[in-house]
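Following: one structure in structure tokens, then a few remarks.
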């Protein structure tokens, strides 16, 4: 199941220990090197006073229609507690709004959203909002993760349209059965008997 990344904003954080809602997601933290959601910044009545404001995605037990389910508020940490999250926060990376261009420099638009898999929190697709003139024909473009070549601070570079994954050449199919509805070709049969 793929979900839009924007759906995570305002998503409730539910604790099994407390038996209810403990926080709400206000920001998604994406690692630009792996294009993976690694954590969320959260808000709530306990956040900041008793617990941290970062929820690592490794602490999420389940994502359901009710929200993200965690064991307890002990899963919420301060930004400085996990080095990897601290380093990604220092980059101040935001995927939404980045320009999308092909390898040859053709501008495709800007990232409006993305889709992720809740199983591993990897970004699977980019949803690109087209420029004004191209939006009349095609308002949105969906780009698969496999088409992404590079992500930097300003743009996402994707493969050109001609760079398709080459399919393995299939051998020519020749049936190995006799069609009972076709009339036998007596000329070819007689030629084969004469040659024997």
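In our numbering, the protein residues as written are 1 to 196.
We treat Cβ as the ideally placed atom computed from N, Cα and C, and that holds for glycine.
Spatial neighbours of residue i within its chain, please: C-beta separation below 8 Å, excluding the five flanking residues on both sides.
i	result
residue 125	2, 114, 115, 142, 143, 144, 145
residue 123	5, 30, 35, 36, 37, 95, 114, 115, 116, 145
residue 16	61, 69, 70, 71, 72
residue 20	14
residue 24	10, 11, 12, 13, 42, 43, 44
According to DSSP, which residues form a beta bridge with residue i?
i	result
residue 113	127
residue 68	13, 63
residue 27	41
residue 20	15
residue 33	Its beta-bridge partners do not exist; DSSP assigns none.
residue 4	115
residue 55	40
Taking residue i as the reference, give the member of the options with the closest Cα.
i	options	result
residue 8	86, 63, 72	63
residue 51	156, 41, 78, 10	78
residue 59	158, 75, 11, 85	75
residue 93	27, 118, 56	27
residue 49	154, 22, 104	22
residue 46	66, 81, 18, 65	18
Leaving out five residues before and five after residue i in sequence, what residues of the same chain have Cβ atoms less than 6 Å from its Cβ?
i	result
residue 151	32
residue 112	127, 129
residue 107	101
Just curious, the alpha helix (DSSP H) that residue i is in, first and last residue?
i	result
residue 83	83 to 91
Here's the rule: buried if 16 or more other CB atoms are within 10 angstroms of the residue's CB, otherwise exposed. What is residue i?
i	result
residue 131	exposed
residue 83	exposed
residue 13	buried
residue 174	Any reading at residue 174 must be qualified, since the residue scores a pLDDT of 49, below 50, and its modelled position is unreliable; the value itself is stated next. Classification of residue 174: exposed, given that the 10 Å Cβ count is below 16.
What span of residues does the beta strand (DSSP E) with residue i cover, start to end?
i	result
residue 158	155 to 158
residue 101	99 to 102
residue 73	No beta strand (DSSP E) holds residue 73; DSSP gives it neither H nor E.
residue 46	Segment: none, residue 46 is in no beta strand (DSSP E) and carries neither H nor E.
residue 141	140 to 144
residue 150	148 to 151
residue 95	Residue 95 -> no beta strand (DSSP E), and no H or E assigned at all.
Output needed for residue i: all residues of its chain with C-beta closer than 7 Å, excluding positions within five of it in sequence on either side, in chain order.
i	result
residue 109	100, 128, 129, 130, 131, 141
residue 88	29, 31, 38
residue 85	29, 38, 39, 54, 56, 79
residue 104	160
residue 97	110, 111
residue 121	36, 37, 57
residue 149	103, 157, 158, 159
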